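Protein chains in written order, with my numbering: chain A, 1 to 382; chain B, 1001 to 1382. Even for Gly, the Cβ is constructed at its ideal location relative to N, Cα and C. These numbers come from a predicted model, not from an experiment. The next block holds one structure in the form of structure tokens; read it before the comments.
2 protein chains.
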Amino acid sequence: MTTLDDPDTPFAVLDRTRMDRNIDRLRARLDAAGVPLRLHVKTSKSLDVAAAVHRAGPGPVTVSTLAEAEYFADGGYTDILYAVGIEPRKLPRVLDLRRRGVDLAVLLDSAAQAEAVAKASAAAGDAIPALIEIDCDGHRGGIQPDDAALLDIGRLLHDGGAELRGVLDHAGESYYADTPETQRKAAQHERDVVVRAAERLRQAGLPAPVVSVGATPTAHAAADLTGVTEVRAGNYVFFDLVMAGIGVCTVDDLALSVVVTVIGHRTDKGWILTDGGWMATSRDRGTAVQKIDQGYGVVTDLHGRVYADLVMTGASQEHGTLAIRPGSRQVLPDLPIGSRVRILPNHACATAAQHREYHVIDGKPTPDAPAIEAVWPRHNGW
Amino acid sequence: MTTLDDPDTPFAVLDRTRMDRNIDRLRARLDAAGVPLRLHVKTSKSLDVAAAVHRAGPGPVTVSTLAEAEYFADGGYTDILYAVGIEPRKLPRVLDLRRRGVDLAVLLDSAAQAEAVAKASAAAGDAIPALIEIDCDGHRGGIQPDDAALLDIGRLLHDGGAELRGVLDHAGESYYADTPETQRKAAQHERDVVVRAAERLRQAGLPAPVVSVGATPTAHAAADLTGVTEVRAGNYVFFDLVMAGIGVCTVDDLALSVVVTVIGHRTDKGWILTDGGWMATSRDRGTAVQKIDQGYGVVTDLHGRVYADLVMTGASQEHGTLAIRPGSRQVLPDLPIGSRVRILPNHACATAAQHREYHVIDGKPTPDAPAIEAVWPRHNGW
């Protein structure tokens, strides 16, 4: 039996019990609201993880790259939304997937993109479904729900040979909302803005069957999803220290971590050195702007038990530095050369992206090092 | 003919002319000093890039992972230093490579590691060569050159069946030395400290044939390499904005970039949105602590000409935000949907790590989009 003591470090670990708990939590919320989930697979990029969400077989997914769309299509998924504004030169790959029977929809927020999608649809004799991106919080792209361009873009699609499928927004700023009340407000606003856009399209005689919202914080905070037809979320499957920092989960909910091994000590500096640097954790320092800066991550033992106030404070490419949090009275644990620990990440999407596979454990307490049940591949690239 | 206008974005580009210029520059310096280069391949992880340095065939290389060692061994390299403190459980892989005829040396800075290496050497009947890591600037691991442990570790190796090959240091803090004078001092100190450690070993009757120094800033600043037997450097092949920020190179020397495509505009915010986020550039923000914060990177056209004061100010997973640097009077360039630009990275090692391959251009001025001459794979993982 292989355990977390066996593979050469660093490597990524996935705690199946915690993951399933996270999945069940959001499922219960959305089932109660009567709104289906369109899982965002950019976090895990794993068919095995998606199967833990869509237990009855392939269901709706959101992707961040066409490589993900192709990988999930190969895995039997046929209802896919590519939720990054479409680059017109990528339309041939979109059409190739649609010819394979995948109902692949694209996203856009400009007349130029709408014209390109309409033109490609007409040329291929295939009405590419498109959602119009609406901005609800100034986070990234999208148009305002009251912008005149909304109807122009809608007509370019609808009249030009594409399929106007609806509207989408994403409360990206909710990652900085650190109270239940501000998260609830962000969720309400995310819902209100996109529903308003859908209503404007319908009032103009245009179709808007899909009204899509989503971000992990708002998915867990929404009190009112009236008029919303789907919720997108992906990070919640693993959660991370950024989500714990704003209270969407607790540190004990984190399902992803990285196993590293102690390779040295600097007693003069209070450092423990490991063989896991930023190549293993990513350079993401999302908690740097939160109330508690967790460095490059919180340190646990192989069973996932947190060492009080021990954090990964520094990272070179293949070296990590562990130290007691400044101001703490804790002392460094005794971790000789060869000891293994786990690092809980700031940002699960970024840390997972540094790895090719997940070593899956069941996460239940065991006297010895946790057994590795399976190794699940993930699919990076574009 | 394929050009930078053809592959789906984002993708990594390598400018061969700039790379060769960087390679020639350090070669000329080290040839004049009469000290050989041990190329660090952790930046490029590419046999093709290494071949541009070692033009006469495989030469000495430094690796940061055993996966790199195995990849370079497969490529015919037989003189390899694994320059991350050895985790004893990795010694079987070290011995496997040595059985294949690779002169693979390891690094360590503790009695526990020395005992493990000696024990593995004795058990295998193969004296594993080991360098002792010396600290010259408190950057990471290593012992002080006057530490009593130096001789203890040396004896454990030498008397225990391993091969005490010498000493090594790395002026990691020189990445923050932002004048020629402080870089020269860092180089002198890096040399003095490791030579002192070698002398102590020899005075105690122990061997120290190898005296290894190296960091990209000090390799370009060293005035005195007396007693040094090799210089390690890797980043210099590509260079990056961090190196330009401390004056080791100029922005015009950067050989690595990422091609991205414009997918949207937020005129209300002064943003251009692209399809290249942190997945394409990494989360590295190395210039954030420098005199000029370059965000996630400097923006150029497809020919590598910098857009004045246009930087990548924000990054989501697959979205980049371009904006004019705060305080500048420049205006946003006219870059419609579908326009392609290149992003020059903060940290070449981190950005390259996000990609599987390099699209190679010759870098000389052309009227049309630069032609892609070759696609060179890189080897990530552990």
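Minimum C-alpha distance to residue i - residue among the options
{"i": "Asp103/A", "options": "Asp48/A, Ala69/A, Ser110/A", "result": "Ala69/A"}
{"i": "Pro1145/B", "options": "Tyr1176/B, Met1243/B, Leu1091/B, Arg1200/B", "result": "Arg1200/B"}
{"i": "Gly227/A", "options": "Asp368/A, Ala315/A, Ala350/A, Ala197/A", "result": "Ala197/A"}
{"i": "Pro217/A", "options": "Ala162/A, Arg16/A, Ala186/A, Asp268/A", "result": "Ala186/A"}
{"i": "Arg1165/B", "options": "Ser1212/B, Glu1173/B, Gly1125/B, Ala1123/B", "result": "Ser1212/B"}
{"i": "Ser174/A", "options": "Ala219/A, Phe72/A, Val195/A, Ile272/A", "result": "Ala219/A"}
{"i": "Val1117/B", "options": "Thr1351/B, Leu1095/B, Arg1099/B", "result": "Leu1095/B"}
{"i": "Arg27/A", "options": "Val258/A, Ser339/A, Gly234/A", "result": "Gly234/A"}
{"i": "Thr3/A", "options": "Pro377/A, Ile372/A, Trp382/A", "result": "Ile372/A"}
{"i": "Arg1140/B", "options": "Gly1172/B, Lys1364/B, Asp1079/B", "result": "Gly1172/B"}
{"i": "Ala1123/B", "options": "Glu1357/B, Lys1045/B, Gly1160/B", "result": "Gly1160/B"}
{"i": "Ala127/A", "options": "Ala162/A, Arg99/A, His158/A", "result": "Ala162/A"}
{"i": "Arg16/A", "options": "Asp253/A, Pro7/A, Asp301/A", "result": "Asp253/A"}
{"i": "Gly327/A", "options": "Arg266/A, Gly338/A, Pro333/A, Asp309/A", "result": "Asp309/A"}
{"i": "Trp1271/B", "options": "Val1258/B, Pro1333/B, Arg1356/B", "result": "Pro1333/B"}
Buried or exposed by the 16-neighbour rule on C-beta atoms within 10 Å, applied to residue i
{"i": "Glu1181/B", "result": "exposed"}
{"i": "Gly138/A", "result": "exposed"}
{"i": "Met279/A", "result": "buried"}
{"i": "Ile1292/B", "result": "exposed"}
{"i": "Thr274/A", "result": "buried"}
{"i": "Val1331/B", "result": "exposed"}
{"i": "Thr366/A", "result": "exposed"}
{"i": "Arg99/A", "result": "exposed"}
{"i": "Thr351/A", "result": "buried"}
{"i": "Gly1101/B", "result": "exposed"}
{"i": "Ala56/A", "result": "exposed"}
{"i": "Gly297/A", "result": "buried"}
{"i": "Thr1313/B", "result": "buried"}
{"i": "Lys1269/B", "result": "exposed"}
Residue i versus residue j: straight-line alpha-carbon distance, rounded
{"i": "Thr229/A", "j": "Ala221/A", "result": "17 angstroms"}
{"i": "Arg325/A", "j": "Gly245/A", "result": "16 angstroms"}
{"i": "Ala1177/B", "j": "Gln1183/B", "result": "6 angstroms"}
{"i": "Thr62/A", "j": "Val49/A", "result": "14 angstroms"}
{"i": "Asp284/A", "j": "Pro92/A", "result": "33 angstroms"}
{"i": "Ala111/A", "j": "Gly1304/B", "result": "29 angstroms"}
{"i": "Ala1114/B", "j": "Ala1120/B", "result": "10 angstroms"}
{"i": "Arg1202/B", "j": "Ala315/A", "result": "34 angstroms"}
{"i": "Gln1354/B", "j": "Ile86/A", "result": "22 angstroms"}
{"i": "Gly421/A", "j": "Gly59/A", "result": "Because chain A is modelled from 1 through 382, residue 421/A falls outside the range shown and cannot be assessed."}
{"i": "Leu1066/B", "j": "Gln1317/B", "result": "29 angstroms"}
{"i": "Val210/A", "j": "Ile153/A", "result": "16 angstroms"}
{"i": "Leu982/B", "j": "Leu1156/B", "result": "Residue coverage of chain B in this structure runs from 1001 to 1382, which leaves residue 982/B outside it and unanswerable."}
{"i": "Val1084/B", "j": "Tyr71/A", "result": "35 angstroms"}
{"i": "Pro88/A", "j": "Pro1336/B", "result": "12 angstroms"}
{"i": "Asp1240/B", "j": "Thr1287/B", "result": "10 angstroms"}
{"i": "Ala223/A", "j": "Gln188/A", "result": "7 angstroms"}
{"i": "Met1001/B", "j": "Val1013/B", "result": "16 angstroms"}
{"i": "Arg1329/B", "j": "Arg1340/B", "result": "23 angstroms"}
{"i": "Ala1130/B", "j": "Val1106/B", "result": "5 angstroms"}
{"i": "Asp1169/B", "j": "Gly1142/B", "result": "8 angstroms"}
{"i": "Thr281/A", "j": "Asp8/A", "result": "16 angstroms"}
Expected contact under 8 angstroms - CB spacing of residue i and residue j to nearest Å
{"i": "Ala1052/B", "j": "Asp1074/B", "result": "With 8 angstroms as the limit, Ala1052/B and Asp1074/B do not qualify as a contact, their Cβ atoms being about 18 angstroms apart."}
{"i": "His1040/B", "j": "Arg1232/B", "result": "5 angstroms"}
{"i": "Val1242/B", "j": "Gln1290/B", "result": "7 angstroms"}
{"i": "Leu1108/B", "j": "Ile1132/B", "result": "7 angstroms"}
{"i": "Gly1320/B", "j": "Gly1264/B", "result": "The Cβ separation is near 11 angstroms, so there is no contact."}
{"i": "Val404/A", "j": "Gly295/A", "result": "Residue 404/A lies beyond the residue range present for chain A, which begins at 1 and ends at 382; the question has no answer from this structure."}
Per DSSP, the bridge partner or partners of residue i
{"i": "Thr179/A", "result": "Per DSSP, none; premise fails for Thr179/A."}
{"i": "Ser257/A", "result": "Val13/A"}
{"i": "Glu1133/B", "result": "Leu1168/B"}
{"i": "Met312/A", "result": "Leu322/A"}
{"i": "Ile1080/B", "result": "Val1061/B, Leu1104/B"}
{"i": "Thr274/A", "result": "Val262/A, Gly320/A"}
{"i": "Ile343/A", "result": "Val258/A, Val299/A"}
{"i": "Thr3/A", "result": "Ala371/A"}
{"i": "Trp1382/B", "result": "Answer by DSSP bridge pairing: none, since Trp1382/B is not bridged."}
{"i": "Gly85/A", "result": "Leu107/A"}
{"i": "Ile1361/B", "result": "Asp1015/B"}
{"i": "Arg1191/B", "result": "Bridge partners of Arg1191/B: none, in fact."}
{"i": "Arg1232/B", "result": "Arg1038/B"}
Test: residue i CB closer than 8 angstroms to a CB of chain C
{"i": "Thr9/A", "result": "Within the model displayed, chain C is absent; protein chains A and B are what it includes."}
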